[in-house]
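The listed protein sequences derive, respectively, from chains A and B. Offset between the first sequence (1-based) and the numbering used here: plus 4. Offset between the second sequence (1-based) and the numbering used here: plus 365. From the three backbone atoms N, C-alpha and C, an ideal C-beta is built for every residue, glycine too. Beneath this line is the structure, given in structure tokens, with notes to follow.
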Amino acid sequence: MGAMVWVWVAVAVAGVVLLYGVVTYNRLVRVRNRVENAWSQIDVQLRRRYDLIPNLVETVRGYARHERDVFEAVTRARAAAQAASGVGPQGAAEGELSRALRQLLAVAENYPQLRANESFLALQEELTATESKIAFARQFYNDQVMALNTLIQSFPSTLVARLARFRPREFFEVEELPRGPVEVRF
Amino acid sequence: LYEQAARNRRRTALLVLSVLALAAGVGYLIGLVLGVGVMALAVALAVAALGSFSSYRFGDRLVLRAMRARPVSPEEEPRLHNVVEGVAIAAGLPKPAVYLVDEKAPNAFATGRDPEHASIVVTRGLLDLLNRVELEGVVAHEMAHIQGRDILLGTVVATLAGSAVLLSEFLLRWFWWGGRRRGDGRGEGAALLALVGLVVALLTPLFAAAIRAAVSREREYLADAAGALLTRYPPGLASALRKIAADHTPMRVANNATAHLWLNQPSRVPGEGLHWFERLFATHPPIRERIRRLEEM
């Protein structure tokens with residue numbers, strides 16, 4: 005009689021532990037998928053920016069032929085960013101590209117005819133929008149990474165995470181662009 | 366935010382249930398008066414159930430139509446579309462449909478039943494008045510309403526209140542003209558008309574109270590805060606609200622059934638402040654208080 009009770013208690017405890025394990029595992033998978041989805045959002049926006057750059061460079065070149073250094077810097081930074089892999093190096097390369105692009109736009113400021121050009125203005129709007137989308141996607145990605153890492157590192161979910169080999173992810177860090185009412189000026 | 370979403374779903378269910386109960390009660394009364402028994406109750410329940418279901422399923426389309434909103438393409442309004450898409454990415458939600466209302470008064474609202482079926486609507490005046498960062502603040506506020514499922518409750522309330530207003534106006538007119546044509550008529554008919562008159566008289570303040578109870582002012586503060594968290598830039602929305610507060614253009618499509626949906630309570634009369642009848646339906650906290658709270662973040 006007494007032995008039977010203990011067997012039942014053991015079965016109940018094992019059941020609870022197993023249930024917790026399953027629930028936590030599913031939660032880990034869900035959060036990890038969210039992180040991956042968030043990363044692909046960033047990727048989409050980064051690609052859009054790569055696609056915009058050749059057009060932008062061509063348009064500016066049409067008015068500012070002898071600013072060769074700036075064009076080369078942008079083209080080089082774009083190639084480096086496209087070739088980068090891994091969260092850390094990607095962030096560094098994208099920061100470099102952002103700096104080069106800002107320089108390109110600063111140069112464009114010196115050409116009034118260019119600033120009046122319809123297609124340049126449209127490209128500039130696209131670029132500004134894409135950069136703010138990159139920033140938003142990065143913010144969302146980092147929030148999801150934070151949630152995943154917290155889950156992986158805190159007790160007792162860390163036991164399940166270790167057993168199933170979940171690894172903490174890296175935050176996507178890019179040099180912060182100044183925020184505030186930076187408007188497209190006409 | 367998830368708690369808020371759950372609470373909004375609960376409130377919507379509660380609202381629908383009370384509408385059904387109200388319909389059952391009215392149906393039962395009519396059945397008693399006319400002597401047709403349970404028949405009237407069944408019909409009233411069926412009508413109310415159908416109405417509730419369609420306000421859940423098609424409420425957003427009704428609201429969009431009532432506001433004379435039209436969809437805009439990314440080619441027509443690239444800045445607006447870009448901002449909406451960006452803020453949707455920040456919230457981790459699919460991009461909502463984008464609509465425009467040709468009104469000079471700067472304002473915006475969101476509608477739909479869930480984040481997968483949501484729309485963001487802005488007025489022409491808003492686009493002309495705000496710069497990119499301010500527009501981002503406003504769109505983030507609306508996105509917060511979508512994320513917190515405020516839109517479901519807001520839309521159901523708008524359609525139900527809208528149909529109640531229509532119904533009471535219809536009954537009032539019928540009462541007025543029908544009563545005159547028939548003279549003082551027979552006793553039974555007169556009693557019925559008196560009952561209808563009473564219901565109409567009770568309905569308007571009742572619905573005002575219901576709308577105010579359903580959509581607490583707290584949720585505007587919540588959406589301001591959640592929106593600021595999305596853009597990580599509270600001054601954007603604060604500056605937008607300051608510009609909107611300074612603008613007193615009246616809005617033609619404003620009405621009391623849908624006032625609670627807007628970013629800032631619209632007014633049909635020109636000049637500062639609201640008409641007394643609009644104040645009866647006051648669903649928004651004072652805009653100055655909202656700006657103050659944003660500035661403290």
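Residue burial annotation: A168 (chain A) is exposed, with fewer than 16 other C-beta atoms found within 10 angstroms of its C-beta.
With contacts defined by Cβ atoms closer than 8 Å, E660 (chain B) and A603 (chain B) form a contacting pair. Nearest to V487 (chain B) by alpha-carbon distance, out of B:L628, B:A407 and B:R657, is B:L628. Counting of Cβ neighbours within 10 angstroms places N472 (chain B) among the buried residues, the total reaching 16 or more.
Residue environment analysis places N373 (chain B) among the buried positions, since at least 16 neighbouring C-beta atoms fall within 10 angstroms of its C-beta. CA-to-CA, the gap between A371 (chain B) and P172 (chain A) works out to about 30 Å. Residues of the stretch 114-131 of chain A with a C-beta atom less than 9 Å from some C-beta of chain B are A126, E129 and E130, listed in chain order.
For E174 (chain A) and P160 (chain A), the gap between their C-alpha atoms comes out near 22 Å.
Taking the C-beta atoms as reference points, V521 (chain B) is found no nearer than 8 Å to G392 (chain B). Counting only Cβ-Cβ distances below 9 Å, G527 (chain B) has no contacts in chain A at all, with the closest Cβ about 35 Å away. Partner residues in the beta bridge of S484 (chain B), as assigned by DSSP, are B:A462 and B:T476. If you draw a straight line from the Cα of G92 (chain A) to the Cα of V74 (chain A), it comes to about 25 Å.
At a cut-off of 8 Å, the C-beta of Q86 (chain A) has no neighbouring C-beta in chain B. Within chain A, the residues placing a beta-carbon under 8 Å from that of V452 (chain B) are F140, ordered along the chain. Boundaries of the beta strand (DSSP E) harbouring A434 (chain B): A434 to P436, taken from the DSSP string.
Of the candidates A:N41, A:A139 and A:A110, A:A110 places its Cα closest to the Cα of Q128 (chain A). The beta carbon of F144 (chain A) falls within 8 Å of a beta carbon belonging to chain B, placing the residue at that interface. A residue is called buried once 16 or more other Cβ atoms fall within 10 Å of its Cβ, and Q143 (chain A) is buried on that count. At a beta-carbon threshold of 7 Å, the residues of chain B lying near A133 (chain A) are N447 and G451, ordered along the chain. Residues of chain B with a Cβ closer than 9 Å to the Cβ of Q45 (chain A) are, in chain order, I454 and G457. Each of B:H506, B:R658, B:D515 and B:M404 was checked against the Cα of R478 (chain B), and the nearest Cα belongs to B:D515. Take the alpha-carbon of V403 (chain B) and the one of I395 (chain B): they are about 10 Å apart. Close to P443 (chain B), with beta-carbon spacing below 7 Å, are these residues of chain A in chain order: E129.
With its beta carbon less than 8 Å from one in chain B, S136 (chain A) belongs to the interface. Against chain A, the beta carbon of R607 (chain B) has no neighbour under 9 Å; the closest one sits roughly 13 Å away. Per DSSP, A68 (chain A) is not a residue of any alpha helix (DSSP H), being assigned neither H nor E.
The Cβ-Cβ distance between L56 (chain A) and A81 (chain A) does not fall below 8 Å. Rounded to the nearest angstrom, the gap between the Cα atoms of V384 (chain B) and L525 (chain B) is 9 Å.
By the 16-neighbour rule on beta-carbons within 10 angstroms, E468 (chain B) is buried.
Here T476 (chain B) is buried: its Cβ has 16 or more other Cβ atoms, across all protein chains shown, within 10 Å. The alpha-carbon separation between P461 (chain B) and M8 (chain A) amounts to approximately 59 Å. Contact of R597 (chain B) with chain A is assigned, a C-beta pair being separated by under 8 Å.
Boundaries of the alpha helix (DSSP H) around Y145 (chain A): E122 to Q157.
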